[in-house]
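First up is the structure itself, then whatever we jot down about it.
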Amino acid sequence: MRTRAVLVVLAVVAVVALAGCTLSAFDGTSTAENDSASAPAPAENGTLADPEEDVEGWENGVWYNESLPVNASDGLNESELALVVNRSMARVERVRNVEFDRRVPVSVISREEYADRQSGSGGGGETAATREAVRLEALFLVGERTDAQAEQERTRSASVQGFYSSSEDEITIVAPTSTPTVDEVTLAHELVHAYQFRGNIDVRFPRSPTRDERRALVALIEGDANLVDRTVRSHCDGAWSCVGHDAGSGGGDGAGDGGGGSDGGDGDGGGGDEGSVSAPRPNMGLYLLSYFPYAEGERYVAATKRAGGWEAVNALYADPPSSSEQVIHRTDDAAVDVSVPDRSDGAWTRLGDDPVVSGEADLATMFAATLYDDREGSVVSREAFLTRDDPIPITYGLEPSAGWAGDGLYAYQRDDGDTGYVWRLRFDDDAEAREFASSYRELLRYHDADRPSAGVFVVEDGPYADAFSVSVSGGRVTIVNAPTVDDLGGVHEPAGQRVAPAGHRAQLASDAVAMRGNATGLVTAPPRRGSA
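For the sequence shown, counting from 1, position 336 maps to 338 in the numbering used here; every step adds exactly one.
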């Protein structure tokens with residue numbers, strides 16, 4: 003990879019700032035759950051009677067199925083917002099079978115203000131930024147000439163609908179305009195996060211998790227919230243009146259609660275009304291990457307709930323999934339640790355000791371993203387990625403990425419700023435490894451790669467112009483990337499060439515000079531670090 007402009011990359015979704023996300027490119031339908039519990043009895047004046055004590059489905063004087071005297075057409079004032087929040091809390095209690103012990107503060111900001119807050123908000127330093135940028139390029143999601151941080155910020159600003167901050171114990175709803183409006187479906191999603199992180203659920207956080215482990219835990223967290231908001235949405239399409247939601251369309255608000263002031267879109271609140279500050283078009287590859295916890299997470303949680311109810315879902319938090327593979331396939335298979343010895347020459351420096359673990363979700367995204375760029379064709383078909391007869395419209399369980407058992411990606415950088423990487427992947431068996439390698443070679447050809455020699459590919463032009471080496475050994479696939487074919491060996495010397503690690507080569511050269519003329523002297527490289 004050639005020199006790139008790298009700032010600090012926006013961090014991956016953190017569990018302390020959980021954001022609702024929409025994927026308005028897809029559309030899914032859902033069926034309301036059976037509402038078997040009895041509704042609250044009406045009082046003599048026609049309103050719903052308050053209970054003698056706090057009960058599930060009632061919060062601060064408001065029942066889950068009450069109509070509210072609010073008019074959202076010009077935004078919500080403070081008292082109206084309080085009523086909507088109370089009703090949404092009651093609805094989460096009703097659907098999720100939980101009880102809030104205190105009110106959750108909620109504020110509303112515009113999408114423009116959110117984008118301004120996010121600008122330059124990444125962290126971790128230059129090395130972390132470069133490692134993240136290399137990872138995104140390896141997945142063919144962000145090209146080497148694109149600022150990875152800015153691209154992530156732009157995509158996130160286009161998709162986020164709201165977020166809960168555990169440090170502030172506050173929900174922030176992102177409205178499409180400066181008018182303070184909310185979508186009750188989004189609000190329900192974020193209220194689930196408030197309940198999760200107020201200590202009501204025993205969440206076990208793994209120590210020093212890999213990126214894929216974090217992604218799996220976030221899938222549980224977001225899947226739980228997504229299942230609740232989908233259920234609330236189905237009621238909003240039926241008997242419940244809902245601010246910020248038009249029955250059947252996902253926009254507007256329900257009858258009896260005022261009108262207007264809503265997001266358009268698919269029911270997650272995507273899009274925007276006329277006159278709003280339009281959200282920038284997202285990078286669809288990054289969009290798909292960030293949407294995994296919502297889609298497969300909901301599918302994972304829904305399957306658990308069907309088997310054992312909400313108690314079974316609560317139990318997941320004490321023993322959460324540890325890889326995206328476990329979420330996708332609902333398996334307990336543990337990922338294998340994958341390492342690669344550093345066989346770079348003196349011109350290249352490995353960035354960090356530990357590899358980045360991408361996981362099956364990232365591999366699936368890498369292939370599925372070809373459905374949404376501006377090139378002809380794709381590596382996977384729409385039929386393989388888009389689902390039918392499923393409330394969740396996409397699947398990350400794709401054939402090319404199935405069988406993943408573990409991976410590790412090491413980033414390298416040269417003094418001139420050029421970067422490269424070594425990416426080793428393990429699969430369940432030899433056939434799965436060959437299938438992945440075949441699809442990966444197809445991905446290279448999709449980006450107009452030539453093949454100058456066996457196992458070597460060159461993309462001459464475009465955002466991913468580089469040289470690639472792809473090799474398969476049993477259930478293992480190794481990919482090496484560098485700016486040119488000549489640089490491939492500098493990033494990762496082939497094992498058969500018996501070249502010493504970079505730190506020993508100067509001494510070896512000196513030894514070789516001293517031994518010239520000695521017919522019996524043999525120059526032998528010292529042992530390598532690690533194993534091939």
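All residues carry an ideal CB built from backbone N, CA and C; glycine is no exception.
* Give every residue of the same chain whose Cβ lies closer than 7 Å to the Cβ of V474, excluding the five residues on either side of it in the sequence, and list them in chain order. => Within the sequence shown, the letter at position 472 stands for residue 474. Cβ neighbours of V474 beyond the five flanking positions: A435, R436, A439.
* Asked: If we ignore side chains and look at the alpha-carbon of each, how far apart do N36 and L229 end up?
  -> The sequence position of residue 36 within the sequence shown is 34, counting from 1. The sequence position of residue 229 within the sequence shown is 227, counting from 1. Confidence in N36 is poor, its pLDDT being 38 and thus under 50, which makes the residue's placement too unreliable to answer from.
* Any idea which residues DSSP pairs N483 with across the strands? -> If you number the sequence shown from 1, residue 483 lands on position 481. Answer is Y423, F470, bridged to N483.
* **Own chain, CB closer than 6 Å to L78, minus 5 neighbours either side, in chain order** => Here residue 78 is taken as the residue at index 76 of the sequence shown, counted from 1. A distance below 6 Å between beta-carbons, with the five flanking residues on each side excluded, links L78 to the following residues of its chain, in chain order: P182.
* **Per-residue DSSP class, three states only, for R209** => Locating residue 209 in the sequence shown gives position 207, counting from the first residue. In this structure, R209 counts as coil in the three-state DSSP scheme.
* Whose C-beta lies closer than 7 Å to the C-beta of A92 among residues of the same chain, with five residues either side of it excluded? -> What you label residue 92 is simply residue 90 of the sequence shown in a count that begins at 1. Excluding sequence neighbours, A92 sits near G59, W60, E61, V64, W65, Y66.
* To do: Output the distance between the C-alpha atoms of D335 and L222, rounded to the nearest integer angstrom.
  => The residue given as residue 335 occupies position 333 in the sequence shown. The residue given as residue 222 occupies position 220 in the sequence shown. Straight-line measurement puts the Cα of L222 at about 17 Å from the Cα of D335.
* Roughly how many angstroms lie between the CA atoms of D450 and R119, to the nearest whole one? -> Here residue 450 corresponds to residue number 448 of the sequence shown, with the count starting at 1. Here residue 119 corresponds to residue number 117 of the sequence shown, with the count starting at 1. Between D450 and R119, the C-alpha separation is close to 39 Å.
* Asked: How many Å lie between V472 and L427 at the Cα?
  -> Here residue 472 refers to the residue found at position 470 when the sequence shown is read from its first residue. Here residue 427 refers to the residue found at position 425 when the sequence shown is read from its first residue. Spanning the alpha carbons of V472 and L427 requires a straight line of approximately 11 Å.
* To do: Measure how close the beta-carbons of Y289 and S161 come, nearest whole angstrom, since I'm counting them as under 8 Å.
  => Counting from 1 along the sequence shown, the entry for residue 289 is found at position 287. Counting from 1 along the sequence shown, the entry for residue 161 is found at position 159. Between S161 and Y289 the Cβ distance is about 6 Å, and since that is below 8 Å, they are a contact.
* Asked: How long is the line joining the alpha carbons of T367 and N88, rounded to whole angstroms?
  -> Taking the sequence shown and counting its residues from 1, one reaches residue 367 at position 365. Taking the sequence shown and counting its residues from 1, one reaches residue 88 at position 86. Their Cα atoms are separated by approximately 38 Å.
* Helix, strand or coil: which one does DSSP assign to D364? -> Numbered from its first residue, the sequence shown carries residue 364 at position 362. Note: D364 maps to helix in three-state DSSP.
* **9 Å Cβ cutoff met for A117 and S159** => As a first step, residue 117 is located in the sequence shown; it is residue number 115 there, counting from the start. As a first step, residue 159 is located in the sequence shown; it is residue number 157 there, counting from the start. Result yes, Cβ atoms of A117 and S159 sit closer than 9 Å.
* **Option in V461, V94, L219 with minimal Cα separation from L189** => If you number the sequence shown from 1, residue 189 lands on position 187. The shortest C-alpha separation from L189 is found at V94.
* Asked: Using the C-alpha atoms, what's the distance from D185 back to H494?
  -> Working through the sequence shown from its first residue, we reach residue 494 at position 492. Working through the sequence shown from its first residue, we reach residue 185 at position 183. So the two alpha carbons sit approximately 52 Å from each other.
* To do: Pull up the CB-CB distance for E327 and A317, whole angstroms please, since I reckon it's below 8 Å.
  => In the sequence shown, counting from the first residue as 1, residue 327 sits at position 325. In the sequence shown, counting from the first residue as 1, residue 317 sits at position 315. Not quite, the Cβ-Cβ distance comes to about 20 Å (not below 8 Å), so this is no contact.
* Asked: Are the beta-carbon atoms belonging to N285 and R156 less than 9 Å from one another?
  -> Sequence index remark: in the sequence shown, residue 285 carries index 283 (1-based). Sequence index remark: in the sequence shown, residue 156 carries index 154 (1-based). In this structure, R156 lies closer than 9 Å to N285 by Cβ.
* **Pairwise C-alpha distance: E401 and E462** => Locating residue 462 in the sequence shown gives position 460, counting from the first residue. Locating residue 401 in the sequence shown gives position 399, counting from the first residue. Roughly 29 Å separates the two Cα atoms.
* Asked: In terms of residue numbering, what span does the alpha helix (DSSP H) encompassing Y442 cover?
  -> Looking up residue 442 in the sequence shown gives position 440. Boundaries of the alpha helix (DSSP H) harbouring Y442: 432 to 448, taken from the DSSP string.
* Asked: Does DSSP put A51 in a helix, in a strand, or in coil?
  -> Residue 51 sits at position 49 when you count from the first residue of the sequence shown. A51: coil per DSSP, three-state reduction.
* To do: Leaving aside the five residues before and after F199 along the sequence, list all residues of the same chain whose C-beta is less than 6 Å from its C-beta, in chain order.
  => Along the sequence shown, one-based indexing puts residue 199 at 197. Contacts found: S168.
* Close-in-space but distant-in-sequence residues of the same chain around D583 (CB under 6 Å, 5 per side omitted) -> Residue 583 falls outside the range modelled here, since the chain spans only 3 to 534, and no answer is possible.
* Kindly indicate the opening and closing residues of the beta strand (DSSP E) around R416. => Here residue 416 corresponds to residue number 414 of the sequence shown, with the count starting at 1. For R416, the enclosing beta strand (DSSP E) starts and ends at 406 to 416.
* Asked: According to the Cβ coordinates, are V245 and V72 closer than 9 Å?
  -> Position 243 of the sequence shown, counting from 1, holds the residue named residue 245. Position 70 of the sequence shown, counting from 1, holds the residue named residue 72. For V245 and V72, yes; Cβs fall inside 9 Å.
* **G246 in three-state terms, based on DSSP** => For the purposes of this step, residue 246 is identified with residue 244 of the sequence shown, where counting begins at 1. Assignment of G246 by DSSP, reduced to helix, strand and coil, places it in the coil class.
* Asked: With a CB to CB cut of under 6 Å and the five nearest residues on each side skipped, what residues in its chain are close to V136?
  -> Counting from 1 along the sequence shown, the entry for residue 136 is found at position 134. Here the set comprises A413, T421, Y423.
* Name, in chain order, the residues that DSSP records as bridge partners for V461. => The residue given as residue 461 occupies position 459 in the sequence shown. Per DSSP, A451.
* To do: Compute the Euclidean distance between the alpha carbons of G354 and D468, then round it to the nearest angstrom.
  => Along the sequence shown, one-based indexing puts residue 354 at 352. Along the sequence shown, one-based indexing puts residue 468 at 466. If you take the alpha carbons of G354 and D468, they lie about 22 Å apart.
* Asked: Below 8 Å, can you find three or more Cβ-Cβ pairs linking the stretch 199 to 215 to the stretch 291 to 308?
  -> Look at the beta carbons and you see the stretch 199 to 215 not touching the stretch 291 to 308: under three pairs across the two are nearer than 8 Å.
* Validate contact between the stretch 298 to 317 and the stretch 209 to 228 using beta carbons, cut 8 Å, 3 pairs -> The stretch 298 to 317 vs the stretch 209 to 228: in contact.
* To do: Locate the alpha helix (DSSP H) running through I111, then write down its first and last residues.
  => In the sequence shown, residue 111 corresponds to position 109, counting from 1. First-last for I111: 108 to 112, but that is the beta strand (DSSP E), not the alpha helix (DSSP H).
* Closest Cα partner of W425 within the set Y319, V108, P357 -> For this step, residue 425 is matched to residue 423 along the sequence shown. If we check each option's Cα against that of W425, P357 comes out closest.
* Supposed close pair G492, S346 - CB separation, criterion 8 Å -> Mapped onto the sequence shown, residue 492 falls at position 490. Mapped onto the sequence shown, residue 346 falls at position 344. Sure, about 6 Å apart at Cβ, within 8 Å.
* G269, buried or exposed, once every other Cβ within 10 Å from all chains shown has been counted against 16 -> Counting from one through the sequence shown, the residue named residue 269 turns up at place 267. Because the pLDDT at G269 is just 32, under 50, the model does not fix this residue reliably, and the value given afterwards should be weighed accordingly. A residue is called buried once 16 or more other Cβ atoms fall within 10 Å of its Cβ, and G269 is buried on that count.
* Between L141 and A177, what straight-line distance do the alpha-carbon atoms span, to the nearest angstrom? -> Sequence index remark: in the sequence shown, residue 141 carries index 139 (1-based). Sequence index remark: in the sequence shown, residue 177 carries index 175 (1-based). Rounded to whole angstroms, L141 and A177 show a C-alpha spacing of 32 Å.
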